[in-house]
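J.:
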């Protein structure tokens, strides 16, 4: 652990070998690991699972490992007081990350299933025609707002800012930096959210005309847009809460927001659908946004106002000060080099947290997120000139096809604060390892899902949507589009995983926006050139090609100057293996599914074939990314991990 008070003091800081973040020989800690972003005043063991050095802390208590010998690091500073601030928060164990990822994935699956239920209810109640097309144009507002304010956009700025504030709070430097950050940013952001929401309501007719000029019923779309515009405020507050809680290593409430959101929409459609028609879905968007905030507010309030300095924290700080006075440890050796670097980084004067969220950082992040979301705007603009129902077919296909992508990015969501903290400490080796591992695991997962979607698309759409006003013709059109979308799922996943690395270091960069702009140009040109001949299939193909171009540019641009210097050739070589396996599995699964008449049995046969073929080919090709992650996740479920925080 690293103790980092002010430079004005004249004693050496201590990096304790042993149970937490130690780097000395014979310690129970992870070699070369530094502090991570985490819950204020509460340590998390960084020892390998099952090792004697692993210890945990109760809620609101910081702890210091008592095992191993202290290592004095020359050149760092520590206050001589007995009440010196506690060390920074230790890195999370693999078990912690696995269990946090599992919790996030389970709740995300629940939210995704409710999202499917929402789309099923929309299809059942209103079909795939003029009414649903009008609502889906208005649905553009919450889609863009979610990308900008919750999923990407603001999260890329706020998670690193809150991670820095949490780390400074753990060191006990003066006034609470987390509260200072909230006080300096939340009021201004809330005012901006209100202003944008009001502007959207007032300009709804012009927005609808710009998004879908060929829409048969623009008045209905305008009404729905004015209702959905309220989500700018609610989504903004929900995204702010999510960023703060994830930086504190609280993942339960942020992962549950889409459960609350989709519950609100489904309830509103069934309660108000007979009276208000498709406008009831827009009302549900407004209600669901409020439920997102309500689901997280209690947990965030506990982090801001429910934490007190405890005796173990003071005791740990006193131990560190005593160890510093004892001089160099006999264990001090070459392994302390990285710990020395981490200590020197932490000992440098930290910038004021109040100024951590600056326009120079926010502008490229928001522009990237908006540019990425413009793919949907381009699709709906082009589809508005096609026969009625085209926008609906694109929407249903995209929502189902992107479920594998969403699930594959859960690990990246959990490890984002870890990556931000590693880069803030200058530990590029740990950051590179984290990025390469996340890319490998996420790619293997999404390619399995993409193969299953391609193989069983007709059966999936038939079982999910073909009832009520949704006809067999709608099923055929939607399934065809979904198969085309599945080709671009790897590109979507790589963009989601890689772009975090560009925005994690806390410095402005415009390269991701340039890469996304190139993809948007490709999407626009290909879509405009193919829409007349191929219809919605041409639009979906343009989406897949455009996002793949962006992913290739982001991957090739990874380097010390812009992002994390990963081993690009090695990553590409490893990615080629699951790609080949997924292609073979998709073809085999589609063949088996086409030989069965019953949609249920066909889906089971195709899905089983895809899984078996894919896993066997991964083993034959020597892909090793998934097995360690699966074993760690299994251990985290079957073994008690009291240090994982869900509140």
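Residue numbers (this note's numbering): -13 to 633.
Virtual Cβ for every residue (Gly too), placed ideally from N, Cα, C.
Residue 604: which of 560, 588 and 573 sits nearest, CA to CA?
T.: Ranking the options by Cα distance to residue 604, first place goes to 560.
J.: So, at 7 Å on beta carbons, what are the nonlocal neighbours of residue 132 in its own chain, with the 5 sequence-adjacent residues on each side left out?
T.: Here the set comprises 221.
J.: Indicate the three-state DSSP secondary structure (helix, strand or coil) for residue 363 in the structure shown.
T.: Looking at residue 363 - three-state DSSP - the assignment turns out to be helix.
J.: Buried or exposed: residue 167, going by 16 or more other Cβ atoms within 10 Å of its Cβ?
T.: Buried, by the Cβ-count rule.
J.: For residue 162, which residues of its own chain have a beta-carbon under 7 Å away from its beta-carbon, when the five flanking residues on both sides are left out?
T.: The residues are 155.
J.: Where does residue 559 fall in DSSP's three states?
T.: Helix at residue 559.
J.: I need the straight-line Cα distance from residue 137 to residue 578, nearest angstrom please.
T.: Computed Cα separation, rounded: 37 Å.
J.: Check whether the Cβ atoms of residue 533 and residue 474 lie closer than 8 Å to each other.
T.: Yes.
J.: Ordered along the chain, which non-local residues of its own chain (more than five positions away) have a Cβ less than 6 Å from that of residue 661?
T.: The chain is shown from -13 up to 633; residue 661 falls before or after that span and cannot be answered.
J.: Apart from the five residues on each side of it in sequence, which residues of its chain come closer than 7 Å, Cβ to Cβ, to residue 239?
T.: Cβ within range, chain order: 231, 281, 282 and 285.
J.: For residue 502 and residue 464, which I take to be in contact (beta-carbon distance under 8 Å), what is that distance rounded to the nearest angstrom?
T.: Not a contact, Cβ separation roughly 27 Å.
J.: Which two residues bound the contiguous alpha helix (DSSP H) that contains residue 379?
T.: Unbroken alpha helix (DSSP H) run through residue 379: 376 to 387.
J.: When we look at the beta-carbon of residue 418 and count the other beta-carbons within 10 Å, is it buried (16 or more) or exposed?
T.: By the neighbour-count rule (16 or more Cβ atoms within 10 Å), residue 418 is buried.
J.: Given the structure, does residue 167 come close to the ligand MN, in the sense that its CB is under 7 Å from one of the ligand's heavy atoms?
T.: What this structure holds is no ligand at all, so the ligand MN is not there to describe.
J.: Just to confirm before moving on: does the CB-CB distance between residue 213 and residue 141 stay below 8 Å?
T.: Cβ distance not < 8 Å, so residue 213 and residue 141 don't count as in contact.
J.: Helix, strand or coil for residue 634 per DSSP?
T.: Because the chain in this structure spans residues -13 to 633, residue 634 falls outside the shown range and cannot be described.
J.: Say whether the segment 345 to 364 touches the segment 502 to 511, bearing in mind that this needs 3 or more beta-carbon pairs closer than 8 Å, one atom from each stretch.
T.: At 8 Å Cβ cutoff, the stretches touch.
J.: Would you say residue 264 and residue 120 are within 8 Å of each other, going by their C-beta atoms?
T.: Closer than 8 Å, so yes.
J.: Answer yes if the segment 182 to 194 comes into contact with the segment 359 to 371, meaning at least three C-beta pairs across the two stretches below 8 Å, and no otherwise.
T.: Contact fails: fewer than three Cβ-Cβ distances are below 8 Å.
J.: How many whole angstroms separate the CB atoms of residue 522 and residue 467, which I take to be in contact at a CB cut-off of 8 Å?
T.: Sure, about 5 Å apart at Cβ, within 8 Å.
J.: Would you identify the three-state DSSP class for residue 327, choosing helix, strand or coil?
T.: Its pLDDT being 41, under 50, residue 327 is placed unreliably by the model, and nothing is read from it.
J.: Please name the residue, chosen from 241, 519 and 525, that lies closest to residue 392 on a Cα-to-Cα basis.
T.: That would be 241, whose Cα lies nearest to the Cα of residue 392.
J.: Since residue 502 is in the alpha helix (DSSP H), which residue starts that stretch and which ends it?
T.: Unbroken alpha helix (DSSP H) run through residue 502: 497 to 520.
J.: Give the straight-line distance between the Cα atoms of residue 585 and residue 449, rounded to the nearest whole angstrom.
T.: Computed Cα separation, rounded: 7 Å.
J.: Express the C-alpha separation of residue 95 and residue 489 in angstroms, rounding to a whole number.
T.: Whole-angstrom Cα-Cα distance: 27 Å.
J.: How far does the alpha helix (DSSP H) with residue 228 in it extend, from its first residue to its last?
T.: Run containing residue 228: 217 to 233, per the alpha helix (DSSP H) assignment.
J.: Could you tell me the alpha carbon to alpha carbon distance between residue 423 and residue 484, rounded to whole angstroms?
T.: In a straight line, the C-alpha of residue 423 is about 12 Å away from that of residue 484.
J.: Just tell me which of 457, 255, 260 and 563 has its CA closest to the CA of residue 272.
T.: Nearest option by C-alpha distance: 255.
J.: By Cβ distance below 7 Å, which residues in the same chain neighbour residue 398 in space, the five residues on each side in sequence not counted?
T.: Result list for residue 398: 424, 428, 482, 483 and 486, in chain order.
J.: Measure the alpha-carbon distance for residue 116 versus residue 544 and round it to whole angstroms.
T.: About 45 Å.
J.: Determine the direct distance from the alpha carbon of residue 564 to that of residue 430, and round the result to whole angstroms.
T.: Rounded to the nearest angstrom, the two C-alpha atoms are 6 Å apart.
J.: Could you pull out every residue in the same chain whose Cβ sits closer than 8 Å to the Cβ of residue 531, ignoring the five residues on either side in sequence?
T.: Excluding residues within five positions, the ones whose Cβ falls inside 8 Å are 474, 508, 509 and 512.
J.: Is residue 224 near residue 275, with beta carbons less than 8 Å apart?
T.: The answer is yes: Cβ separation under 8 Å.
J.: Would you kindly report the start and end of the unbroken alpha helix (DSSP H) that includes residue 652?
T.: One cannot answer for residue 652 here, as it falls past the ends of the chain, which runs -13 to 633.
J.: Here's the rule: buried if 16 or more other CB atoms are within 10 angstroms of the residue's CB, otherwise exposed. What is residue 608?
T.: When all chains shown are included, residue 608 counts as exposed.
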